[in-house]
Amino acid sequence: MSYLLKQLAREWRFLLRQKYLVVLLVCTFVMSGFAVFSGLSEVTQQKQTIERLKAADLTDLTNVQHKYEDPGSLAYYSFHLTYSSPSNLAFAALGERDIYPWKHRLNLLALEGQIYESDAQNAELAQAGKIDFVFVVSALAPLIVILLFHDLFANERTSGRHDLLVTTAKSYFALWGARITVRSVSYTQVFEYR
Amino acid sequence: MSINNFSKVVIVAKDEWRYWLRSKLAMTVLAIGLVLTVASVIVTAITMMELSHSRHELQATSDKSFVDQPDRHPHRMVHYGHYAFRTPSPLSTLDPGIDAYTGNSIFLEGHRQNSAMFADSRQGTALTKLGSLTPAFIVQTLAPLLLILIGYSGISRERESQTLSYLLSQGTSGATLIAGKGLALLSVVGLILTPLTVSALFTLGSGEGLLAVTSFVLGYALYLIVWVLLILLASSVFSKNSGSFTALAFVWILLCIVMPRVASTSASTAVPSAGKIETDFAVKAELRKLGDGHNTNDPAFKQFKQSLLNKYNVSSIDELPVNFRGLVASESEAKLTSVLNKFAEQRMQAELKQTKVSRYFGWVSPMVAIRSLSMIVVGTSIETHHRFLRETEQLRFDFVQGLNKVHVEKLSYQDDMNRNTNTAATQKARVSAQNWQILQDFTFNVDSSKARAQRSIPAFLQLFLWIAVLLGGIKFVGRRLL
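Listed in order, the protein sequences are those of chains G and H. With this note's numbering as the guide, the letters of the first sequence map in order to residues 1222 to 1415. With this note's numbering as the guide, the letters of the second sequence map in order to residues 163 to 644.
Laid out in C-alpha cells, this is it:
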C-alpha cells in the first residue's frame, strides 16, 4: 500500500512542478466555478422575476375585476400569466431560455395576435451564448482532456527520458498507471460539483 | 532595419514556408482553413441574399395587400395593420451577427407596439450552439486555431532540436528570427483574408460604403495579427513544443470560446434588464391615466372636447365641421405613442447598457473585440436592431395617424355614430379604398458607413492595445531567446 502511495505522491509532485499544467488546472477550476455560480445566480434571477410577475399579475387582475362587471369585459381585459419555472438542476443546464421566452401573458382577445408578442432577452448577448456547467462539460472538458494527455508518452520521448524511465520503473503501472491516475484525478477534481 | 536585415527576415520566412510545405500537418491545416473560408463565404452569401430577397418580396406583398383592401371604415384599417421587414445590409453576407437572434419582421397596428418576431434561431436546433458556419465564425474562431497549429513550434522547434543556438551564433539576431517567422505567419493571414476581402469588395457593388468595407477588412487583419503575435510570444517563451502548444491551445479556449460567453453572462448578471412583460405592467398603469381612444365619452377627453368646441366656436360636437371620433382617436394615439416610446426607449437604453458591459471584455479578449467590431461595422449589431425598431415605430405612427386623418376629414360624424344601426348605415360609414394609398414604402437601411465606423472605434482601440502589449512582450523576450 505504501508503495502505491509513494508512486502516486511522486507523480503528484511531478504534476505540480509543471507550471503550465497547474495554470491549466487552476483556470479550468475557475471556469467551471464561474459556470456553476453564474448558473445559480441566473436561476435565482428567474425565480425572483416569476415571483414579481405573479404579484404584479395578481394586482392587475384584481384591478380589472373591480373595474368591470360584465363577463365580456372581464374576459376581454383579464390577462393570464403563464411561465415555466426553472427546474432544480437548471443551474447546470440553462438551456435556450434566452432564445425562447419562458413567460407569457395571455388574454382571450385575439389569441392569434399574441404571436406578435415575445419577451426575449438581449439578442447580442444571446448570440454570444451562455456559459453553464453543461457547456463546460460538453465543449471544454474534452479539449482539456486532450491538453492534459496529448503528450503523456511523447513528452518523455522528446526529452530523451522515455527508455530510461521504462527500464528503471518497477512495473508499467508504477509509472504510467500512477501518472494517468494522478492526471485523471486532478482533472475530475476540477469539475467536481461544489 | 537595413536592407540586409530585411533580406534575412525574408530568408527565415521562406525557410519556414519550406518547412510547412514539407510537413503534412501544416499543409492539411492550411488547405482545410482555405476550403472552410471559401465555402462559408459562398454559403453565407447565398443564404443572406435569399433572406434579403424574400424579405423584400414579403414587404412588397404586405404593402400590396394593405393598399388592395376594399372600402372600409378607416379605423378598421388601423386594426388591420401592416408588416415591416428588416432587410439585411450588404456586408451581412460576411457576418449575419444578431440577424438570426432578433425577430426580423414586426406587425404594426394601432394602439400597441408589438415585438419583432420570428427569429430564425427559434426555428433551428440547438446544434449551432458553438456557432454557425459563417465567414465571421471561421475567421474569428477557427482561423486562430489554424494559425496555432501551423505556428506553435516556430521558435520552440529550433530550440528543441538545438538549432537555435547555431542560428543565433551565426549572426541572426533574435529579433530577425522572430520577425521572419512572423512574416511567414502573416502571409498565411493574408491567404485566409483573401476570400473575405474579395467578397467584402463585392458588396461595394450593392451599395456598401468604402469606409465600412475598409474597417471590416482592417479589423480582421488586426485581429489575426494579434494571434500571430501571441503565437510568436508563446513559441519564444516555452522551451518545449508541447509547452507552447498546450499554452496556445488553452489561451485559444479561454479567449475564443470562454470569454465571449463570460462577457455575455457577466453583462446580464451585472445589468439585469426587466423583460417586456414586466415593464408592460408599468406601461399599462401609465396608459390607464390616458383614457380609451375608442370611447369619446371617456372623462379623459373632456378638456380636449371643450378646447375643440372653443376653437370652432360651436356649442356641441354634432356641429363640428370635422369628425370628433376621429379627432379623439388621433389625439389618444399621439398620447399613447409618446408613453409607449418612453418605455421602449428605456428598454433599448437598458439593452445598450448591457451590451456595452459585454463589450468591455474586448480589453481582455481580442475575440470579444473583433466580434463587436465586426457586427457594428457590418450593421448586424444591437444598435441596428434598435434603429429598425425606431423606424418601424415611426412607420406605424404615420400610417395610423394618416388613417385617423382620413377618419377626421372624409367621414362625417353623423354617419360614424349611426354606423351600427343597419346595413345601409354601415355601408355609408366607409371611406374609399383610394385612401389606403397613404401607406409609405418602407425599406430598412442600416446606419451610414461613417456612423458605423465611428461606433467601432473602441473595438479598434482594444485591438491596438493588444498589439502594442504583445509587441512589447516579444521585444522583451526576443533579447533573451537562449
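We put the beta carbon where it would ideally sit given N, CA and C, even for glycine.
- Between the stretch 443 to 461 of chain H and the stretch 1366 to 1386 of chain G, do three or more beta carbon pairs fall short of 8 angstroms? Contact between the stretch 443 to 461 of chain H and the stretch 1366 to 1386 of chain G is absent, because fewer than three Cβ pairs lie under 8 angstroms.
(request) For chain H, find out if any of its Cβ atoms is closer than 8 angstroms to the Cβ of residue 1379 of chain G; answer yes or no. (result) yes
Review point. Looking only at DSSP bridge pairs, what is residue 271 of chain H linked to?
Key: The partner list for residue 271 of chain H (beta bridge, DSSP) reads H/274.
- residue 1324 of chain G in three-state terms, based on DSSP: strand
Q) Residue ranges of each beta strand (DSSP E) run of no fewer than 3 residues wholly in the stretch 1256 to 1311 of chain G, ordered along the chain? A) Whole beta strand (DSSP E) segments, 3+ residues: 1300 to 1304.
Taking C-beta pairs closer than 8 angstroms, name the residues in chain G that residue 210 of chain H reaches, listed in chain order.
-> Neighbours of residue 210 of chain H on chain G: none; closest Cβ ~15 angstroms, over 8 angstroms.
Going by alpha carbons, who is nearest to residue 195 of chain H out of H/348, H/581, H/426, H/353? H/353
For a contact defined as C-beta to C-beta under 9 angstroms, what are the partners of residue 1235 of chain G on chain H? Simply none; closest approach about 15 angstroms.
Fill in: Collapsed DSSP secondary structure at residue 433 of chain H in the structure displayed
coil
Do the CB positions of residue 621 of chain H and residue 538 of chain H come within less than 8 angstroms of each other?
yes
Any chance you could list the alpha helix (DSSP H) runs of at least 4 consecutive residues sitting entirely within the stretch 300 to 358 of chain H, in chain order? Taken in chain order, the complete alpha helix (DSSP H) segments of 4 residues or longer contained in the stretch 300 to 358 of chain H are 305 to 313, 318 to 322, 326 to 331.
In terms of alpha-carbon separation, which member of H/306, H/344, H/239 lies closest to residue 179 of chain H? H/344
With a CB to CB cut of under 6 angstroms and the five nearest residues on each side skipped, what residues in its chain are close to residue 313 of chain H? 347, 393
**Item:** Close Cβ partners of residue 1282 of chain G (< 8 angstroms) along its chain, the five nearest in sequence each way excluded
**Value:** 1299, 1300
Within its chain, find whatever has a CB closer than 6 angstroms to the CB of residue 1227 of chain G; leave out the 5 residues flanking it on each side and keep chain order.
none
*Output yes or no for whether 8 angstroms exceeds the beta carbon distance between residue 562 of chain H and residue 505 of chain H.*
Taking 8 angstroms as the Cβ cut-off, residue 562 of chain H and residue 505 of chain H do not qualify as a contacting pair.
### Query
Of all the options G/1286, G/1303, G/1229, which has the alpha carbon lying nearest to the alpha carbon of residue 1296 of chain G?
G/1286
List, in order along the chain, the chain H residues whose C-beta lies closer than 8 angstroms to that of residue 1273 of chain G?
-> 440
Practice task
Identify the contact partners of residue 420 of chain H in chain G, using a Cβ-Cβ distance below 8 angstroms as the criterion.
Solution key: 1252, 1352, 1361
Residue 235 of chain H, enclosing beta strand (DSSP E) - first and last residue = Segment: none, residue 235 of chain H is in no beta strand (DSSP E) and carries neither H nor E.
TODO: State yes or no: is the beta carbon of residue 1349 of chain G nearer than 8 angstroms to at least one beta carbon in chain H?
DONE: yes
State yes or no: is the beta carbon of residue 430 of chain H nearer than 8 angstroms to at least one beta carbon in chain G?
So yes, residue 430 of chain H belongs to the interface.
Looking only at C-alpha atoms, which of H/170, H/442, H/638, H/530 sits nearest to residue 509 of chain H?
H/442
Check: Taking just the CA atoms, how far does residue 1248 of chain G sit from residue 1356 of chain G?
Finding: 16 angstroms
So residue 279 of chain H contacts chain G; which residues on that side make the cut at Cβ distance below 7 angstroms?
Residues of chain G with a Cβ closer than 7 angstroms to the Cβ of residue 279 of chain H are, in chain order, 1336, 1337, 1339.
What is the DSSP secondary structure of residue 591 of chain H, reduced to helix, strand or coil?
coil
ask   = Which residues of chain H have a Cβ atom closer than 7 angstroms to the Cβ of residue 1395 of chain G, listed in chain order?
value = The contacting residues do not exist; residue 1395 of chain G stays about 23 angstroms from chain H at best.
task: Could you check what DSSP says for residue 246 of chain H in three-state terms: helix, strand or coil?
output: Here residue 246 of chain H carries a strand assignment [DSSP, helix/strand/coil].
Alpha helix (DSSP H) segment containing residue 451 of chain H, residue limits = Neither: residue 451 of chain H is in no alpha helix (DSSP H) and is coded neither H nor E.
For the alpha helix (DSSP H) that contains residue 567 of chain H, what are its first and last residues?
-> Where residue 567 of chain H is concerned, the enclosing alpha helix (DSSP H) stretches over 544 to 572.
Notebook entry, point to check: With a CB to CB cut of under 8 angstroms and the five nearest residues on each side skipped, what residues in its chain are close to residue 310 of chain H?
Noted result: 389, 393, 407, 410, 411, 414
Cβ-based neighbour list, residue 611 of chain H, same chain, cut-off 6 angstroms, excluding 5 preceding and 5 following:
The beta carbon of residue 611 of chain H sits closer than 6 angstroms to the beta carbons of 371, 373, 374 from its chain, once the five residues preceding and following it are set aside; these are given in chain order.
With three or more C-beta pairs closer than 8 angstroms as the rule, is the stretch 545 to 563 of chain H touching the stretch 267 to 286 of chain H?
yes
- request: Give a yes or no on whether 8 angstroms exceeds the smallest Cβ distance from residue 1400 of chain G to chain H.
  value: no
Identify the contact partners of residue 264 of chain H in chain G, using a Cβ-Cβ distance below 7 angstroms as the criterion.
Going along chain G in sequence order, the residues near residue 264 of chain H (Cβ under 7 angstroms) are 1344.
For this session: Out of H/608, H/253, H/322, state which residue places its alpha-carbon closest to the alpha-carbon of residue 367 of chain H.
Result: From the listed residues H/608, H/253, H/322, the smallest Cα separation to residue 367 of chain H is found for H/253.
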